[in-house]
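Here is the structure we will look at.
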Amino acid sequence: MLRGLDGRGREALMEAGRLRDFAAGDVIFLEGDPGDAFFVVASGEVELFGAKRGDAESSRLRLVRRSETFGEEAVLPGSARRAEARAVSDVQVAEVPARVLTRAATREGAQGYSREERALRRQATRDLLGTLAFTRELDPHDVDLVLDAAEYKSVRRGERLYVSGDPADDFYLLVDGLVQLQTETDSGIRVTGYLSRGDFFGDEEIQSGEPRRLTAAALGECAVLCVPISVLRSLADRNPQLLPKLRRISGERQRSQVKLVGDAAKRTTQHVFKDVYRMQMARALLAIDQDSCVRCGHCAWACESTHGVSRLVRRGDKIITPLVSDDSAPKSLLLPNSCQHCKNPVCMIDCPTGAIGREAEGEVFIREDLCTGCTACAKACPWDNIRMAPRAAGGGLAARLKAEADSPHSGKRRLDLVQIYPEVAVKC
C-alpha cells in the first residue's frame with residue numbers, strides 16, 4: 314500500500330501517523346468513536362467486539378493478528394467506529410491516517426493502492442454487516458453475495474435518494490448520517506420517520522414490485538450502502554425467513570418512529586425539526602439565551618483576549634424551545650456561529666494538509682502550523698462556523714514548503730509564514 318509513495322508522500326504520512334503501544338486488555342477505540350485512521354498490527358493480537366442488533370451484550374466479530382488491519386471504516390464515508398477494539402496481549406500498532414494516505418496515493422498514482430483500498434472497504438463492510446440483525450443468519454456465501462453487489466454512495470445534504478413514484482431498484486443501508494422519510498400532501502411535506510446509522514430502508518416494495526411510496530431525503534452528509542433489489546430477492550429465495558424478519562424489524566422501527574416524530578413535534582419548533590441533523594451532529598452546541606442576554610459583547614471580548622481573535626460570531630439561527638431544566642415558558646435561543654465539534658466533521662475531510670484533527674473526546678481542532686489558509690474547511694462547513702483570520706508571525710508547514718525561499722543560500726528573498734500564507738482558519 315505504501316510502496317508507490319514518493320519521499321514527500323512518506324514524509325507527510327510519517328508526520329500525521331504514529332506507532333502506538335497497548336497493554337493486554339487496553340481498549341484501543343470504542344464503538345461510536347471518531348474513525349479517522351485505520352491500524353496495522355505490528356505485534357500482538359487485537360479483538361473486535363460489536364453489539365449486534367437485538368443483542369444486549371457485545372460479541373466478538375473477529376481476531377486481528379500481526380500484519381493484519383482493523384478500523385478499516387476510516388476509508389468509508391462517514392468515519393465512525395462500528396466496533397470496539399481491545400488488545401488481547403501487549404500489542405504495537407501503526408496508526409495510518411486514511412485521508413492523508415488517500416491524498417498522497419492519489420497525487421502520486423501509487424501502484425496497487427486502489428486494490429488495497431477496495432480490500433479495506435470490503436472488510437469494513439463485512440464487519441458492518443456482522444452487526445445487523447437480518448444478516449446474522451446468512452451463510453458466508455450469501456454474505457459474499459451482498460459484498461460483491463454492494464456499492465457505497467455519498468449523499469449531500471438536501472439530496473434525495475429516491476422520490477415517491479420512482480422504481481424500487483435498490484435496498485439501502487445507512488452507514489452514517491440522518492435520512493428523513495416523507496410524503497407530499499396538499500398541505501405540504503409530512504414527515505413519517507427518521508433513519509440513523511445502521512438502519513435499512515427501501516425494502517417495502519421488495520415483493521410487490523410497486524414504485525416507491527415514500528421519499529427519502531438526506532438531512533446532512535450521508536453515506537449509504539446500496540444493494541440491488543434483485544440480490545435481495547435472490548437471498549430471500551434461499552432464506553425464506555429473511556423477508557418476514559425484514560418486515561418485523563421494519564414494523565417495529567416504524568412504530569417507534571411514529572411516536573418519536575409525534576412527541577418531537579409537540580415540544581419543538583418546525584425550524585428545529587427541519588434541521589434536526591444539526592442537533593444530531595453537534596457534540597458541543599453553543600446557545601445564547603436571548604431573554605437573559607443584555608448584548609454587552611463581553612463573551613466575544615473574552616474570547617478575543619484569550620485567542621487573539623474572537624472565535625465567537627454573535628449571529629446565526631434562532632429557535633424557540635422549552636428548556637429541560639426550566640418549567641417556564643419557551644425560551645428564545647441564538648445558535649451563534651461557533652464550532653459545534655461535529656461527530657462527522659466535513660471540514661476535516663476537505664482539509665488538504667491534515668491540519669484539522671479530532672481528539673479522542675471529540676474536540677475538533679486546527680493545527681495552525683499545518684494550515685495554509687486555503688479556505689476549503691470554511692467552504693465545507695454547512696453552518697459557516699469557520700472563518701479566516703490574519704495569521705500571527707511564526708513557522709509551520711507552509712514555511713517548510715518554502716524552504717528554498719527561506720534559505721540564506723538560495724539567493725531569493727526570505728519569506729516568513731505570514732508573507733506566504735497570510736490567513737489561517739479559526740474556530741471555537
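Just so you know, our numbering puts 556 at position 243 of the sequence shown, and the rest follows in order with no gaps. For every residue, glycine included, the Cβ atom is placed at its ideal position computed from N, Cα and C. Since the model is a prediction, treat every value here as computed from it, not as a measurement.
Residue 358 sits in coil when the DSSP states are folded into three classes, being neither helix nor strand. A direct Cα-Cα distance of roughly 21 Å separates residue 603 from residue 697. Under the three-state reduction of DSSP, residue 461 is assigned to helix. Residue 492 is positioned such that its CB atom lies no closer than 8 Å to that of residue 463. When DSSP states are grouped into helix, strand and coil, residue 699 belongs to the coil group.
Residue environment for residue 656: buried (at least 16 other C-beta atoms within 10 angstroms of its C-beta). DSSP places residue 670 in the uninterrupted beta strand (DSSP E) bounded by 669-671.
The three-state secondary structure of residue 456, taken from DSSP, is helix.
Here the alpha carbons of residue 703 and residue 332 stand approximately 35 Å from one another.
For residue 517, the three-state secondary structure derived from DSSP is coil. The region 450-465 makes no contact with the region 506-515: fewer than 3 CB pairs, one atom from each, lie closer than 8 Å.
The DSSP assignment places complete alpha helix (DSSP H) segments of no fewer than 4 residues inside the region 488-557 at 542-551, in order along the chain.
Within the DSSP bridge table, the entry for residue 382 names 353 as partners. The bridge partners DSSP lists for residue 653 come to none. Counted as a single uninterrupted DSSP element, the beta strand (DSSP E) harbouring residue 407 occupies residues 404-410.
Each of 550, 693, 435, 488 was checked against the Cα of residue 665, and the nearest Cα belongs to 693. A distance below 8 Å separates the beta carbons of residue 438 and residue 460. For residue 653 and residue 360, the gap between their C-alpha atoms comes out near 33 Å. In this structure, the straight-line span from the alpha carbon of residue 497 to that of residue 523 is close to 18 Å.
Following the DSSP letters along the chain, one finds residue 474 inside the beta strand (DSSP E) bounded by residues 473-475. Remark: fewer than three beta-carbon pairs, one from each stretch, lie closer than 8 Å, so the region 670-686 and the region 628-636 are not flagged as touching. The beta carbons of residue 484 and residue 540 sit about 5 Å from each other, so the pair counts as a contact at 8 Å. The beta carbons of residue 381 and residue 340 sit no closer together than 8 Å.
If you draw a 10 Å sphere on the C-beta of residue 553, you find fewer than 16 other C-beta atoms in it, and that means exposed. With the rule of 3 Cβ pairs closer than 8 Å, the region 667-678 does not count as touching the region 612-624. With fewer than 16 other Cβ atoms inside 10 Å of its own Cβ, residue 338 counts as exposed. In the DSSP assignment, residue 644 forms a beta bridge with 634. Contact between residue 374 and residue 363 holds: their C-beta atoms lie close to 5 Å from each other, under 8 Å.
Using a Cβ distance threshold of 8 Å, residue 659 and residue 534 count as a contacting pair. Under a 10 Å Cβ-count criterion, residue 327 is classified as exposed, with fewer than 16 other Cβ atoms of the shown protein chains found around its own Cβ.
Separation of residue 335 and residue 688 (C-alpha to C-alpha, rounded to the nearest whole angstrom) is 37 Å.
If the five residues before and after residue 378 are omitted, its C-beta is found closer than 7 Å to the C-beta atoms of 354, 358, all from its own chain and listed in chain order.
One thing to note: residue 394 has its Cβ no nearer than 8 Å to the Cβ of residue 430.
Residue 384 and residue 348 do touch by the CB rule: their CB atoms are close to 6 Å apart, below 8 Å. If you look at residue 329, you'll find it isn't in any beta strand (DSSP E); it sits in the alpha helix (DSSP H) that goes 320-329. Closest option to residue 691, judged by alpha-carbon separation, among 502, 408, 515, 661: 661.
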